[in-house]
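Enquirer: Take 486 as the starting number for the sequence shown in my numbering and just add one per residue. Note that the Cβ used here is the ideal one computed from N, Cα and C, for glycine as well.
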Amino acid sequence: MVAHLLKLKLILLRNSIKRSPWQIVGIAFGALYGLGILGLMLAGLFFLTFNDPELARTLVVLGGSAAVLGWAVIPVVATGVDMTLDPARFVTFAIPMRQMILGLALASLIGIPGIITLGAALIQAVAWWQYPAAVLAGIPAALVAVLTCVVMARLGVAATTSLASSRRFKDVSGLVLIVPLMFIGPVIGFTATAITVEGDFLARMAGILAWTPLGVAWAVPGDVALGNAGTGLLRLLISVLFLALISWAWKALLARALVTPAHNATASRSAGKLGFFARFPATPTGAVAARALTYWVRDPRYSASLIIVPVLAVVLIFAVQTEGLPPVVLGIGPLVAFLLAFGISADISYDNTAFALHLSTGLSGTADRAGRALACLVFALPATLAAAVVPPIVLGRPEDIPVLLGLCLGLLLNGLGLSSVFSARYTYNVPLPGENAFKTPPGSTGRTMLVQFLWMGMQFVITLPLLVPAGLYVFGLGSAWGWVSLAVGVVYGAAAMVAGIRIGGRWLDKRGPEVLQAVSVNK
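#1: Measure from the alpha carbon of Arg720 to the alpha carbon of each residue in Leu711, Ile731 and Pro706, then state which is nearest.
#2: How many angstroms separate the CA atom of Pro916 from the CA atom of Arg786?
#3: Roughly how many angstroms separate the alpha carbons of Asp708 and Leu540, rounded to a whole number?
#4: Restricting to runs no shorter than 4 residues, where is the alpha helix (DSSP H) found entirely within the stretch 692–738?
#5: Ser970 to Leu951, Cα distance in whole Å?
#6: Mind reading off the beta-carbon distance from Val1000 to Ile829? Whole number of angstroms is fine, and I expect it under 8 angstroms.
#7: Any idea what DSSP makes of Ile595, helix, strand or coil?
#8: Taking 8 angstroms as the threshold (C-beta atoms), are Val635 and Ala590 in contact?
#9: Excluding the 5 residues flanking Trp735 on each side, which residues of the same chain have their C-beta closer than 8 angstroms to its C-beta?
#10: Where Gly895 and Ile947 are concerned, what is the direct C-alpha to C-alpha distance, given to the nearest angstrom?
#11: Whole-angstrom Cβ separation of Gly850 and Trp992, contact assumed at under 8 angstroms?
#12: Is DSSP giving Asn899 helix, strand or coil here?
#13: Would Leu844 and Gly990 be called neighbours here (beta carbons separated by less than 8 angstroms)?
#14: In the DSSP assignment, find the alpha helix (DSSP H) that holds Gly989 and state where it starts and stops.
#15: Just to confirm, are Ser905 and Ile986 a CB contact at a threshold of 8 angstroms?
#16: If you measure between the beta carbons of Gly856 and Ala981, is that distance less than 8 angstroms?
#17: Comparing alpha-carbon positions, which option in Gly596, Ala630 and Ala979 lies nearest Ile608?
#18: Let's see if you can read the secondary structure: which residues bound the alpha helix (DSSP H) around Thr770?
#19: Using only the alpha-carbon positions, how far apart do Leu890 and Tyr913 sit?
#20: Whose C-beta lies closer than 7 angstroms to the C-beta of Ser1005 among residues of the same chain, with five residues either side of it excluded?
#21: Using a Cβ-Cβ cutoff of less than 6 angstroms, which residues in the same chain neighbour Gly700 once the five nearest sequence positions on both sides are dropped?
#22: Tyr616 lies in the alpha helix (DSSP H); which residues open and close that run?
#23: With distance defined between alpha-carbon atoms, name the residue in Leu621, Leu825, Thr633 and Ala622 nearest to Leu603.
#24: Which whole-angstrom value is the C-beta distance of Leu942 and Phe827, which I expect to be below 8 angstroms?
#25: Kindly indicate which three-state DSSP category Asp853 falls into: helix, strand or coil?
#26: Going by beta-carbon coordinates alone, are Ala618 and Ala714 separated by less than 8 angstroms?
#27: With the cut-off set at 8 angstroms, would you say Pro887 and Gly967 are in Cβ contact?
#28: Output the distance between the C-alpha atoms of Ala557 and Ala841, rounded to the nearest integer angstrom.
#29: Report yes if the C-beta distance between Leu778 and Val863 is below 8 angstroms; otherwise report no.
#30: Going by C-alpha distance, which of Leu815, Asp853 and Arg910 is nearest Ala871?
#31: Using the Cβ count rule (16 or more neighbours within 10 Å means buried), how would you classify Ser964?
#32: What are the start and end residues of the alpha helix (DSSP H) that includes Ile817?
#33: Round the Cβ separation of Asp853 and Val983 to the nearest angstrom and send it over; I've been treating them as touching at under 8 angstroms.
#34: Comparing C-alpha positions only, which one of Val879, Pro867 and Tyr911 sits nearest to Phe835?
#35: Please report the residue range of the alpha helix (DSSP H) in which Tyr835 lies.
#36: Relative to the alpha-carbon of Gly961, which residue among Glu884, Trp614 and Leu892 has its alpha-carbon at the smallest distance?
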């Protein structure tokens, strides 16, 4: 049965690759990246274990702890990213629990993350080649560490199985848990500062992690190599006991999930409330705007952008304060405008089969494009204005407000026009309605990256007229250029948005059925 589960995972992986050539491209890039990381790791560890074993042990413990934490957190944050062997699918099959657990654990290693983790664990064990006893202790410790990663991932998913059946839980957990991950950069910045101020910071941190479930297994070969064989064996015993404990917990949760599978509860809603439809004019454009704005509020695939954008701004401020470069905060406005304009570049793809409603009612392409842009402007315009005005005031540079307003408004308006064209012409696979907002559909990575890079390149080209007066102001050729930049940003941006709406509308009118077919099939 274990072999059958492994074979099933391989078949599913093979079929997903056959689904689209872009899947092969994504796997190839991931494999090359992973091999590069493993090669650098192999070279670095072999050098360090020979010259500075204490530093090598510290880095192994820190890196291994990060790996265990990632395996434990990411599957919960991105529920459904890779659930090809979802235990819920085996509810009707009488598979012995022990064989199912072993099969699911080993099947989790089939894939780029699993192979890289296993390879890295074995490399760090073999890297102590000049200490034979360390290699002998490090190989079983590495296997225990890898199994700990896998079981932690499965335990987290199993623990949230009953809750994950609720769409509201998936929406909220995915959005809330992604926020701490975005502060990794500032945390790394503070860590780097601490290392600079206090040289043994990493060593002390590794010493603490080496007695926790995150790093206990990874410290074993380093302890043996440094002459602390007793401590290393004790840590190996602790890691085995911890693996047994989480395996037992996973078994208990999995048994409960298979006997009493989760179900969706029907939520009661009050009828008679039109929501945003009561606040927009009763026109085709107004109806589309109300529908799109409802998506922005209720659909986590849209609302994720509303959370990520301010978090990115906070991260930028955080990083800037750490580096001591306050004027860089002025870049928050252009960043917010750029990201919010990009937010509707795939809105028809997010519609999926719901886009058929626009075709069946005879809605014009221009009304569709205008309605979606209007819905985005409802929150994007005040956010952009605030991001452009507040930083100069805080920094005591109010004279920079006109040029920043011009640049930000121009970026937002012409970006919305460009997105109106792109979403009508270039579609790609996105998470389906009800799926996790951060899921990557199979075979979509290559095309998604190509379309997004093309959008960014075109956005830079059409933004060049805005950069001319802004550049003249920055180079000190007169404060009047700031007001010229504002006028150009408003007029040129509005013209670009209107042109984009009309061009995108004409494309929708010509190829509406083809667009529906493209967004309805998740290839």
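Expert: If we stick to the structure as given:
#1: Pro706
#2: 8 angstroms
#3: 12 angstroms
#4: 705–710
#5: 7 angstroms
#6: The pair is not a contact, with the Cβ atoms about 15 angstroms apart (cut-off 8 angstroms).
#7: coil
#8: yes
#9: Ile586, Val636, Arg639, Leu640 and Ala643
#10: 10 angstroms
#11: 7 angstroms
#12: helix
#13: no
#14: Ala965 to Ser1005
#15: yes
#16: no
#17: Ala630
#18: Pro769 to Arg783
#19: 33 angstroms
#20: Asn837 and Thr838
#21: Val546, Gly549, Ser550 and Leu694
#22: Counting along the chain, Tyr616 falls outside any alpha helix (DSSP H), and DSSP gives it neither H nor E.
#23: Thr633
#24: Before going further, note that residue 942 is Gly rather than Leu in the sequence given. Actually they are not in contact, since the Cβ atoms of Gly942 and Phe827 sit about 13 angstroms apart, beyond 8 angstroms.
#25: helix
#26: yes
#27: yes
#28: 40 angstroms
#29: yes
#30: Leu815
#31: exposed
#32: Ile817 to Phe827
#33: Actually they are not in contact, since the Cβ atoms of Asp853 and Val983 sit about 15 angstroms apart, beyond 8 angstroms.
#34: According to the sequence as given, residue 835 is Tyr; it is not Phe. When only C-alpha atoms are compared, the closest one is Tyr911.
#35: Asp832 to Asp836
#36: Glu884
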